[in-house]
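Novice: Have a look at this one.
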Amino acid sequence: MRSTDPAGDRPGGRGNQAMSALRLRGRDREITAVGEALNAVRGGRGACVVVEGAPGVGKSRLLAELDGMARRSGFDVVSVRADELDQYAAGAALQSALQSCDGSEPTATAADDQRLWLLDSITDALEERAQRAPVAVLVDDAQWADPATLLVLRTLPRRLAASRILWVLAVRSETERPTVARVREDLEHLGARWLTLGPLPQQELQHIAADVLGAKPSPGLARLLRGVAGNPFLAIELVRAFADTDAVKVEAGVASLLHDGIPVGFRRSVAARLDRLPEDGLRLLQIGSVLGREFDLGTAARMLGRQAGSLLSGVEAALNAGLLSGEGPRLAFRHDLIRQAVHENLAPAVRTALHREAADVLRGIGARSAEVAWHVVLSGGPVDDDAVTTLTTAVRELSSSAPDAAADLAQQIAGRLPPHDRRRVALLTDAAEYLGRTRRVHQALDLVDATLSDLPEPLQEARLRLVAAEIHQAAGDDAAAMTHLRQALALPGLPADLRVRLLKTKATGHVYLGDITAAEQTDVGLVEASYRSEDPAVVVSAMVFQSQTFFYRGRLARALELAEEATARAGTESGVLHLRPPRIPALWLATVLTATDRLADTERVLREGQHEAEALGLGWSLPHWHASRACALFEQGALDDAAVEAESSLVVADELEITQPNRQARSVLAMVEIRRGDLGKARDQLRAAEAGSGTSTQRFGPWVSLARACLAGAEGRDAAAAAALGGFTDAEPVRLLAVPPSHWPGIVRMALRGEDPSLAQAVSGALRTLAELDDSQQIIGTVRAHVDGLLHDDPAALESAATGYRSTGRRLALAAVCEDLGDLVAASGDTTSAIPYFEEAGELASASGALRDHERIMRRLRRFGVRTAVPRHHTSGAPGWESLTESERKLIPLVVEGLTNRAIADRLYVSVHTVNTHMKHIFTKLGINTRVELTRLAIERGGVSDGGD
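Sequential numbering of the sequence shown, starting at 1, is according to my numbering.
What follows is the structure in structure tokens.
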């Protein structure tokens, strides 16, 4: 793919410069449509146009017209044109085009998964441009675009809908490439304007002929034009076929045929023009048609066994015939239809042999592995060792930016190797791993099963089962993962490093399942061996594992110490960040901090860790960072911000095509909506959280169970709420520690309302054990006092809990204990003493965004004769400025200042994805669609302060 002036349908080549300015005929409707899109973007709103049609129908010519219109209107135009060779290319050509225009160099990352890095870097570049001027992004022949560019085209038109960017794609209507179909489907859902270019009417073809010939076509020539079926490019070629052979006479302003017999079929027309070329010109075009639409003269000369200088006469002839263009650094066919015609006129056996030879020549000169791979695939048949090596390199290069395309290529290569070739199993294992990163998880697991059925040797089977286990773990199916791990570990002759990886993954699985005893038993010698490793990632992983076992055993101080040491070590060794959740040290440290007195430190740890992960392009980890922040913010009582982070987690996961249920983020969203009072939305989130979910012992199962119970309680189904919490009946603190401390008294409250005292006593017992094991954390004693107060109707215990919560930064927990105190005091008949507790609880609930809680408390106060005011925090109410959250208000002055979303994120030291979600909420609440409208409204209001009007 290359940056270009998209004038591909304009006749080029030497001697045809006048034709490059041919008037665009018969597309007035389409020109009006793209003009409207330009106007919409100039007004501040993003737009998307898809131009579809058969080859030669004028898609590129329309893009060329649009290019000129956009530039005349002050647009910054970014234009790229794809080539068939790009289908296996790593990286994003659109990013290269942006960087070449800016004069900047790409910042490489060493990440296994560069997708989010690519999306974010292209977003930043386009946002910066759109701040200066409206932008038009034109992508021609998108059916051949590299996979990373297709990901950009699927994702960024939605993400940047509020920016002044016009996206225009030209695509062949008959393309069967699945990734292109996904782009078309997503853009259609986004509301893209669809322009299908059909055949031109006969009258318009005659106008085109007159433009080419400088005279009106005679009736005889007009009749021949009917044979091109309304295709303007073929009409031009047909007219040129006559003009180039002096078969047309212009007299009295009318162009007439001198004789019949000139071919009317395009392939025959091209063949006739080839016949008139010298031998060198003909062979050059034939070799060039194999090499691609653009090709290097030196490479063509090598395939012909010639020196490049000896082909100059052939080059000159092809240029003069208008078949090639020499305007760029490489020779290029003036239109791909010409290349296809030449290519298809070669005998199939000749084509196959030439593609195989092209692969050998290109490999020998160090060409892109993607280019070599394209020729190997087209050559068909078995592949030699050198070809396999090159193709494997292409697969690995492609995997970081387009894992699904890499998986498809790996499977194609494997299909051309003998059944028991060790490289075949290795390629299929890689393909399964890459598919596991996409929404094609089921295909990945089917591929694993199919490959295992071929009975690979033990070492390869173990590696394949490790990949399967990691995919299952990522999907949350820990039981299936453990089955693969047990079978892999039973295989003979495994090398020590592979065995350690399998054991570490199995130990992590036990942690996920809450079976800490089994995790510790798996650890026999494992941690000790890991500490002796020279690989810092192995050492840090061992520290995190030890921290996890100490944590779930209730040894919080030791767990915190190990987690901090692991995080500190990871800060000096960037490779450690490539560990998978929950073994990323900072992510795990945040989980531990959330359960301790250092809740306030969680935000800093997550912010710094996520910033480094984003800088390194570790996109696969981003949903976990946002979900962890959502949990920490919920624990702090910042419901609006918690919801934004949970939503950001889902958005990033969707952009990365991670289809596994994000149970933690969904559960947080469900509980936020319950506290806000929107039970319908809560049910939707809970259903999504429960999708594919097994028992409460599955990862994040306690979160789902808690959300399910909270919803049942909100609906008045107290028995169902208590039943949903059955997973918390363990007297050990393992299950309790799976959710943050402020939720524990709520579990007891729901158990008591559901008449399940055994559950309440189990939680109390787990808390007692926890306090005995480690009394270093004040929050544990505070929650224990709260639970004791609920169990024994003890106002002194509740008072003690209230005092403790005031120093731990848990606003909703303090609101809950104040409400519990109010209920207890009011039940004794002392309503006067109960009122201050309810008033404080109501104020805290309002400040937290817990509207449902606030309204319930206000109803109690009104029954006591207390006049109540509307909540000062009602972001889920009617749309308008008053519904904006404090965090949303902070963004608006920065938008008015002209900062991009990335610049705003840097200023506020948050993730750009968080800013994206805030901006989406602002637009929805204010009923607007663009930053321009937001700026205008803010200026009209005299600006918006950080904290209010």
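For each residue, glycine too, the CB sits at the ideal point set by N, CA and C.
Using CA coordinates, which residue listed in K681, A317 and V290 is at the minimum distance from T352?
Specialist: V290
Novice: Beta-carbon separation of V734 and Y552 under 8 Å?
Specialist: yes
Novice: Measure the C-alpha to C-alpha separation of E174 and V168 and round it to an integer number of angstroms.
Specialist: 18 Å
Novice: To which residues of the same chain is T549 closer than 7 Å at the C-beta, ignoring the five residues directly before and after it?
Specialist: I516, A519 and E520
Novice: Can you tell me whether E294 is helix, strand or coil according to DSSP?
Specialist: Residue state, collapsed to three classes: strand.
Novice: Can you check whether the CB of A801 is closer than 8 Å to the CB of A785?
Specialist: Yes, they are a contact pair.
Novice: What three-state label does DSSP hand E612 in the structure shown?
Specialist: Under the three-state reduction of DSSP output, E612 falls in the helix class.
Novice: Going by alpha carbons, who is nearest to L234 out of R334, S325, I287 and D280?
Specialist: R334
Novice: Going by the beta-carbon positions, is the gap between I471 and A444 smaller than 8 Å?
Specialist: yes
Novice: Look at the alpha carbon of V48 and the alpha carbon of S325, and state the distance between them as a whole number of angstroms.
Specialist: Note that residue 48 corresponds to Cys in the displayed sequence, not to Val. The alpha-carbon atoms of C48 and S325 are separated by roughly 31 Å.
Novice: Is DSSP giving E564 helix, strand or coil here?
Specialist: Of the three classes helix, strand and coil, the one that applies to E564 here is helix, per DSSP.
Novice: Inspect the CB distances between the stretch 39-46 and the stretch 210-226 and report whether three or more fall short of 8 Å.
Specialist: no
Novice: Kindly indicate which residue of A468, G727 and W194 has the alpha-carbon position closest to the one of P702.
Specialist: Taking only the C-alpha atoms, the option nearest P702 is G727.
Novice: Please report how far the alpha carbon of L151 lies from the alpha carbon of T393, in whole angstroms.
Specialist: Distance between the alpha carbons of L151 and T393 is about 21 Å.
Novice: Under the three-state reduction of DSSP, which class applies to E755: helix, strand or coil?
Specialist: E755 falls in the coil class under three-state DSSP.
Novice: Report the rounded CA-to-CA distance for L953 versus L633, giving the unit in angstroms.
Specialist: No answer is possible for residue 953: the residues shown for the chain start at 1 and end at 949.
Novice: Helix, strand or coil: which one does DSSP assign to R439?
Specialist: coil
Novice: By the three-class DSSP mapping on this structure, what secondary structure does T67 have?
Specialist: Looking at the sequence shown, residue 67 is not Thr but Asp. Of the three classes helix, strand and coil, the one that applies to D67 here is helix, per DSSP.
Novice: Let's test the definition: count the other Cβ atoms within 10 Å of the Cβ of I922 and tell me whether it reaches 16, buried, or not, exposed.
Specialist: buried
Novice: Using the C-alpha atoms, what's the distance from K920 back to D654?
Specialist: Approximately 16 Å between the Cα atoms of the pair.
Novice: Quick check on the DSSP output: the beta strand (DSSP E) that includes W194 runs from which residue to which?
Specialist: R193 to L197
Novice: Quick check: what's the CA-CA separation for I413 versus R306?
Specialist: 32 Å
Novice: Under the rule that 16 or more other beta-carbon atoms within 10 Å means buried, what is V592, buried or exposed?
Specialist: Classification of V592: buried, given that the 10 Å Cβ count is 16 or more.
Novice: Around the C-beta of P418, are 16 or more other C-beta atoms found within 10 angstroms, so that it is buried, or is it exposed?
Specialist: exposed
Novice: Who are the near neighbours of P795 in its chain, counting only those whose CB is closer than 6 Å to its CB and skipping five residues on each side?
Specialist: L824
Novice: Run the CB neighbour count on S648, radius 10 Å, all protein chains shown included, and call it buried at 16 or more, exposed below.
Specialist: buried
Novice: Using only the alpha-carbon positions, how far apart do L814 and H743 sit?
Specialist: 12 Å
Novice: G325 by DSSP, collapsed to three states: which one?
Specialist: For clarity, residue 325 is Ser in the given sequence; the question names Gly instead. Strand at S325.
Novice: For A170, write down the residues that DSSP places opposite it in a beta bridge.
Specialist: V51
Novice: Counting along the chain, where does the alpha helix (DSSP H) carrying L24 start and finish?
Specialist: Run containing L24: none; DSSP gives neither H nor E here.
Novice: What does a CB cutoff of less than 8 Å around V605 pick up in its chain, not counting 5 residues either side in sequence?
Specialist: Within the same chain, and ignoring the five residues on either side of V605 in sequence, the residues whose Cβ sits closer than 8 Å to its Cβ are T567, A586, L589, A590 and L593.
Novice: Does the distance from the C-beta atom of L861 to that of E839 stay below 8 Å?
Specialist: yes
Novice: When you compare only the Cα positions, how much space is there between L888 and I939?
Specialist: Note that residue 888 corresponds to Glu in the displayed sequence, not to Leu. C-alpha separation (whole angstroms): 16 Å.
Novice: So G58 and P232 are in contact, right, with Cβ under 8 Å, and what is the actual spacing, rounded?
Specialist: 5 Å
Novice: Between the alpha carbons of T506 and M543, how many angstroms are there, rounded?
Specialist: One detail in the question is off: residue 506 reads as Lys in this sequence, not Thr. Computed Cα separation, rounded: 16 Å.
Novice: Please determine, among L311, L221, D336 and E188, the residue with the shortest C-alpha to C-alpha distance to A54.
Specialist: D336
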